[in-house]
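In the working numbering, the protein residues as written are 32 to 408.
Shown next as structure tokens:
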């Protein structure tokens, strides 16, 4: 290692983004470095403090750092993500592989008009998640060994159930405001979900945590992941459930037809099942998928927000109210299909009925444009 000289530095991120992206062209780079790198610097709303692990900007930066470094360490050459070259904790930036100027993502095929291209893109999405989970399963100690030097408190936070416990408490409080009581059976099921998330057993792997269509970049025919600000070691099916739950944390949220969700999950099970037989057991997989759907129902930041109860709003390509109803419907369907979490299912049915009564003319969440003609295939 030694000093390197930068010949050119160009900003490639849009203004007012939460990260500053710079393309650094290197002058006479050494053999172990490419001719250009991406400098990704955190932009903190209240000033970046590397010693404050409770600050959102600090936390997301360190999780992004750890995720990119971990995937480069676990599977060098596989290309799950841009290769990680290093970082500066004090100044809040990391150095990543330059993926080039073509920044097409999973968004384009989903919002386009080519159904076959959209289908293949979602299968590639699933394959990338499957291989990432396989390459990181059983390696939690390695991941937290990367987090610890960044901030020991963050390593503790990421292994705690406190965040889900708070999300659960918030959801219960909002239901009470709607006049909906939580039954003993639903409370017991919430305990089951919390326990499964805390100890996923064979499903523990590195999760992207926010695998939205615009967090997958095409590099030629290869689909690669970017942005690991919400990444952690957890229940792998919480990533896989993104297709079934219609990309719950993303602006680009529309329905994926059931038949295609089935293909995506079958492809995942085929890949992962070659090394993890538990995923091929229908009963085990079904219970785990129901837990993942419950997680997104409870943790989604837009679930039963009070302003949306009074007035709908548009986020990205869809309104929020249809998202809420669709997520309830997805969990109910999974619970009934896999015969798991019946108490929580009954609660979801009650919530769905209340919201449908409030919004009788609400149009359902639409299918992605590229897949609309084949939605009933």
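Idealized CB from N, CA, C, for every residue including glycine. Keep in mind the model is a prediction, meaning the values are calculated, not measured.
One alpha carbon belongs to residue 67, the other to residue 352, and they sit about 44 Å apart. Secondary structure of residue 294 (DSSP, three-state): helix. Distances from the alpha-carbon of residue 253 to those of 395, 200, 177, 108 put 108 closest. Runs of the alpha helix (DSSP H) lying entirely within the region 71-112, each at least 4 residues long, are 87-105 in chain order.
The C-beta separation of residue 186 from residue 175 comes to about 5 Å, placing the pair in contact by the 8 Å criterion. In this structure, residue 379 keeps its C-beta atom at 8 Å or more from the C-beta atom of residue 356. One alpha carbon belongs to residue 148, the other to residue 273, and they sit about 19 Å apart. The beta-bridge partner set that DSSP reports for residue 344 is empty.
In the DSSP assignment, residue 255 is bridged to 248.
In this structure, 313 is the residue among 190, 288, 289, 313 with its C-alpha nearest to the C-alpha of residue 300.
Under the three-state reduction of DSSP output, residue 260 falls in the coil class, being neither helix nor strand. The three-state secondary structure of residue 115, taken from DSSP, is strand.
Judged by beta-carbon spacing, residue 248 lies beyond the 8 Å limit of residue 111, meaning their Cβ atoms are not closer than that value.
In this structure, residue 118 sits near residue 126, with a CB-CB distance shorter than 8 Å.
For residue 128, the secondary structure class from DSSP, reduced to helix, strand or coil, is strand. Here DSSP, grouped into helix, strand and coil, assigns residue 266 to strand.
With a cut-off of 8 Å on Cβ pairs, the region 370-378 is not in contact with the region 270-285, counting fewer than three such pairs.
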